[in-house]
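> Which chain is which? The protein sequence lines are A and B, in order. According to the UniProt record's numbering, the residues represented by the first sequence are 1 to 233, in order. According to the UniProt record's numbering, the residues represented by the second sequence are 1 to 233, in order. One structure coming up, written as structure tokens, with questions to follow.
2 protein chains.
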Amino acid sequence: MPGLDPSLIADLPSFSGLERRELETLLGYAQPLRFSEGATVFAQGDEAESFYVLLDGHIRVVRSTPEGQQVIVRYISVGELFGIAAALGRSTYPASAVAAAECVALAWPNAKWDELTARFPSLGANTYKTVGGRLQDAHTRVVEMSTEQVEQRVAHALLRLVKQTGRKTAEGVEIDFPITRQDIAEMTGATLHTVSRVLQAWEKDGIVRGGRKRVVVISPHRLLLKAEARKES
Amino acid sequence: MPGLDPSLIADLPSFSGLERRELETLLGYAQPLRFSEGATVFAQGDEAESFYVLLDGHIRVVRSTPEGQQVIVRYISVGELFGIAAALGRSTYPASAVAAAECVALAWPNAKWDELTARFPSLGANTYKTVGGRLQDAHTRVVEMSTEQVEQRVAHALLRLVKQTGRKTAEGVEIDFPITRQDIAEMTGATLHTVSRVLQAWEKDGIVRGGRKRVVVISPHRLLLKAEARKES
DNA sequence: CGAGAAATTGAAAAGATTCAACTCTCGTGG
DNA sequence: CCACGAGAGTTGAATCTTTTCAATTTCTCG
């Protein structure tokens with residue numbers, strides 16, 4: 001078996017500072033996996049067996065309440081680590097990971113985490129920088145949920161998606177995977193009805209264009225105004 | 001100068017796994033500081049010069065929006081690290097730290113962070129476990145803000161404070177530092193008016209007792225019911 | 001004791017949800 | 001190839017929670 005090609009991960013921030021030989025060693029422990037849209041990579045509460053890096057596609061990280069309501073904690077894009085419960089000192093996954101589109105990922109056994117970070121210190125350092133960034137993101141979201149109303153929160157959520165996964169088209173910037181009103185609602189703590197109304201209003205204004213499981217941002221600039229609007233039109 | 005006594009920090013989780021001699025070395029770089037109630041330890045946006053461990057008192061970590069609204073990100077209790085921007089790969093503080101009561105803390109220069117974690121690996125490991133825990137907490141809060149209404153959020157916030165800093169009294173469990181309705185509002189994303197009404201209702205029910213800058217939880221059990229209530233009484 | 005901060009409370013208004021009905025879109029199978 | 005059905009989206013009306021506005025009241029510290 002010819003092993004995986006180091007160029008797969010060589011350019012990812014998570015693996016920066018590693019030599020080609022080290023990458024090869026690392027890949028020796030990795031297992032490539034494919035997930036079709038809607039497939040569950042791991043479920044909240046599961047024993048954490050692996051950590052992952054996303055090579056292609058988009059992953060939705062979801063937390064469910066005891067009452068069954070879902071909240072989308074974040075979207076993972078290509079190159080990002082996910083399922084890193086081991087690095088956080090947890091033995092079960094605190095959230096579920098679902099393929100938002102066709103996905104390819106590499107998985108390492110969690111049992112190897114300590115060994116790998118000991119052998120490749122920059123892997124640990126990079127990971128913790130990632131975790132630090134996510135903590136900032138989470139706090140930002142708490143602030144948004146505390147101080148903004150739905151329209152602004154939806155605007156911020158869309159802008160984040162545009163930056164993270166936007167794909168330029170003739171019309172504007174399109175979110176690069178199927179996303180429903182319900183998904184946006186679960187990202188912003190609103191109902192799909194309210195989200196629908198907000199998007200509808202923006203569409204009339206020519207700021208976005210919607211579609212079944214599609215959102216195209218026509219004017220990111222004007223969307224930013226909506227995101228920052230302290231009241232008024 | 002006789003140096004600080006290792007017993008100050010020997011029992012704190014952040015320093016577990018360190019030898020007495022190592023603690024002494026560590027303390028050699030630390031500077032003890034006192035802050036009076038309301039004093040600012042560091043301000044959001046400041047160049048991050050130090051990281052801290054709290055030896056006595058309570059610290060409020062606050063994020064402000066451009067519009068001047070404040071959100072309390074978390075309370076730091078005795079033994080916890082704070083201001084660890086360095087560990088998160090940030091050069092400025094993402095939030096302000098304010099003494100919620102008379103405080104004593106130790107400060108280390110951030111410049112020493114890399115050196116110290118290199119010399120004392122368990123310090124790094126402990127810190128990252130802390131950060132991981134805080135990421136979980138932040139996500140939990142996002143979920144609460146998304147799915148619960150004000151009364152439940154206030155109940156959860158109080159229960160967290162009780163667990164973290166509760167002091168048993170004849171009447172019940174008292175939050176161990178001065179806390180206003182406004183503070184609780186900033187923890188829960190509500191207005192002080194709504195918080196006041198909620199607390200007032202609970203007081204009539206005998207679940208809590210309020211006072212100027214004081215909250216005593218008389219029946220944590222019944223408060224927990226409020227926190228979990230999916231609608232109804 | 002007085003003054004300012006903190007807390008309470010009623011009434012009106014706003015924002016979002018809930019409920020309900022209806023429409024549109026797309027993929028599948030006859 | 002077209003019809004059908006389920007999932008996705010839209011939209012009006014009623015309702016509800018929370019905020020906003022505006023007074024007051026209460027407390028505590030100096």
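Yeah, the Cβ is synthetic: ideal placement off N, Cα and C, and Gly gets one too.
1) Report the CB separation of B:HIS156 from B:ALA227 in whole angstroms; it is logged as a contact under 8 Å.
2) Whole angstroms are fine: how far does the CA of B:ARG153 sit from the CA of A:LEU224?
3) Determine whether the beta carbon atoms of A:VAL98 and A:ILE59 lie at a separation below 8 Å.
4) If B:ILE184 sits next to B:VAL195, beta carbons under 8 Å apart, how far is it from one beta carbon to the other, in whole angstroms?
5) Taking only runs that begin and end inside the UniProt domain "HTH crp-type" (148-221) of chain A, name each unbroken beta strand (DSSP E) of 3 or more residues, in chain order.
6) Examine chain B for any beta-carbon lying closer than 8 Å to the beta-carbon of A:TYR93, and answer yes or no.
7) Exposed or buried, A:GLY28, counting other C-beta atoms within 10 Å across all chains shown (16 or more means buried)?
8) Any idea which residues DSSP pairs A:GLN70 with across the strands?
9) Apply the 10 Å Cβ neighbour rule to B:SER7 and answer buried if 16 or more other Cβ atoms are within range, or exposed otherwise.
10) On the three-state DSSP scale, how would you describe B:LEU12?
11) Express the C-alpha separation of B:PRO178 and B:SER138 in angstroms, rounding to a whole number.
12) Measuring only between beta-carbons, confirm whether B:GLY89 sits less than 8 Å from chain A.
13) Can you pull the chain B residues whose beta carbon is under 7 Å from the beta carbon of A:HIS156, in chain order?
14) Would you mind sorting B:VAL70 into buried or exposed? The rule is 16 or more other CB atoms within 10 Å of its CB.
15) Could you work out which residue in B:ARG20, B:LEU54, B:TYR52, B:VAL73 is closest to A:MET145 when comparing CA atoms only?
16) State whether the segment 43-59 of chain B contacts the segment 109-123 of chain A, with contact taken as three or more CB pairs (one from each stretch) at a distance under 8 Å.
17) Compute the distance between the beta-carbons of B:LEU54 and B:ILE76, then report whether it is under 8 Å.
18) Name the two residues that bound the continuous beta strand (DSSP E) containing A:THR25.
19) Should B:SER16 go down as buried or exposed, given a rule of 16 or more other Cβ atoms within 10 Å for buried?
20) Give a yes or no on whether the C-beta atoms belonging to B:ALA30 and B:TRP108 are separated by under 8 Å.
21) Should A:LYS129 be flagged as near chain B, meaning a C-beta pair shorter than 8 Å?
22) Does the beta-carbon of B:THR92 have 16 or more other beta-carbons within 10 angstroms, so that it is buried, or is it exposed?
23) Grab the span of the alpha helix (DSSP H) containing A:THR34 for me, first residue to last.
24) Name, going along the chain, the residues of the segment 116-149 of chain B whose beta-carbon falls closer than 7 Å to a beta-carbon of chain A.
25) When the cut-off is 8 Å and only beta carbons count, does B:GLN44 lie next to chain A?
26) Could you check whether the Cβ of B:THR130 sits closer than 7 Å to any heavy atom belonging to the ligand ZN?
27) Whole angstroms is fine: what's the gap from A:GLU232's alpha carbon to B:GLY38's?
28) Whose Cβ in chain B lies nearer than 9 Å to the Cβ of A:VAL98?
29) Do we get a CB-CB distance below 8 Å when we pair A:VAL71 with the residues of chain B?
30) What's the gap between the Cα of B:ARG222 and the Cα of A:SER64?
31) Check the DSSP bridge columns for A:TYR75 and list the partner residues they point to.
32) Let's see if you can read the secondary structure: which residues bound the beta strand (DSSP E) around B:ALA118?
33) Below 8 Å between beta carbons: does that hold for B:PHE201 and B:VAL150?
34) Among residues of its own chain, excluding the 5 on either side of B:PRO32, which ones have a beta-carbon nearer than 6 Å to its beta-carbon?
35) Could you check how far apart the C-beta atoms of B:GLY79 and B:PRO13 are, in whole angstroms? I think they sit under 8 Å.
36) As a quick exercise: from B:SER50, B:GLN136, B:LEU81, pick the residue whose alpha carbon is nearest that of B:ASN110.
With the structure as the only source:
1) Confirmed, about 5 Å.
2) 30 Å
3) yes
4) Correct: roughly 5 Å between the Cβ atoms.
5) Entirely contained in the UniProt domain "HTH crp-type" (148-221) of chain A, the beta strand (DSSP E) runs reaching 3 residues are, in chain order, 166-168, 173-175, 208-211, 214-217.
6) Among the residues facing chain B, A:TYR93 is not included, as its CB has no counterpart in that chain under 8 Å away.
7) exposed
8) The bridge partners DSSP lists for A:GLN70 are A:SER64.
9) exposed
10) coil
11) Sequence inspection shows Ala at residue 138 of chain B; the Ser mentioned does not correspond to that position. About 23 Å.
12) yes
13) In chain order: nothing, as chain B lies at least about 12 Å away.
14) Note on identity: in this sequence residue 70 of chain B is Gln, with Val being the wrong assignment. Looking at its Cβ environment, which holds 16 or more other Cβ atoms inside 10 Å, B:GLN70 is buried.
15) B:VAL73
16) Below 8 Å, too few C-beta pairs join the segment 43-59 of chain B and the segment 109-123 of chain A to call them touching: fewer than three.
17) Between B:LEU54 and B:ILE76, the gap from beta carbon to beta carbon is short of 8 Å.
18) Where A:THR25 is concerned, there is no enclosing beta strand (DSSP E), although the alpha helix (DSSP H) it sits in stretches over 20-28.
19) exposed
20) Yes; because the gap between Cβ atoms is below 8 Å, this pair is in contact.
21) Yes, A:LYS129 counts as interfacial toward chain B.
22) So B:THR92 counts as exposed.
23) With the sequence shown as reference, residue 34 of chain A is identified as Arg, and Thr is not the correct amino acid for it. Per DSSP, A:ARG34 belongs to no alpha helix (DSSP H); it is in the beta strand (DSSP E), 31-35.
24) TYR128, LYS129, VAL131, GLY132, ARG134, LEU135, GLN136, ALA138, HIS139, ARG141, VAL142, VAL143, MET145, SER146, THR147
25) no
26) The ligand ZN is absent from the structure shown, which contains no ligand whatsoever.
27) Because A:GLU232 carries a pLDDT of 44, less than 50, the predicted location of this residue cannot be relied on, and no value is offered for it.
28) Under the 9 Å cutoff, chain B gives no residues; its nearest Cβ is about 16 Å from A:VAL98.
29) yes
30) For B:ARG222 and A:SER64, the distance between alpha carbons rounds to 24 Å.
31) Partner(s): A:ARG60.
32) Taken as a continuous stretch (DSSP letters only), B:ALA118 belongs to no beta strand (DSSP E), being part of the alpha helix (DSSP H) at 113-119.
33) Correcting the residue identity first, residue 201 of chain B is Ala in this sequence and not Phe. Judged by their CB atoms, B:ALA201 and B:VAL150 are not nearer to each other than the 8 Å cut-off.
34) LEU106
35) 7 Å
36) B:SER50
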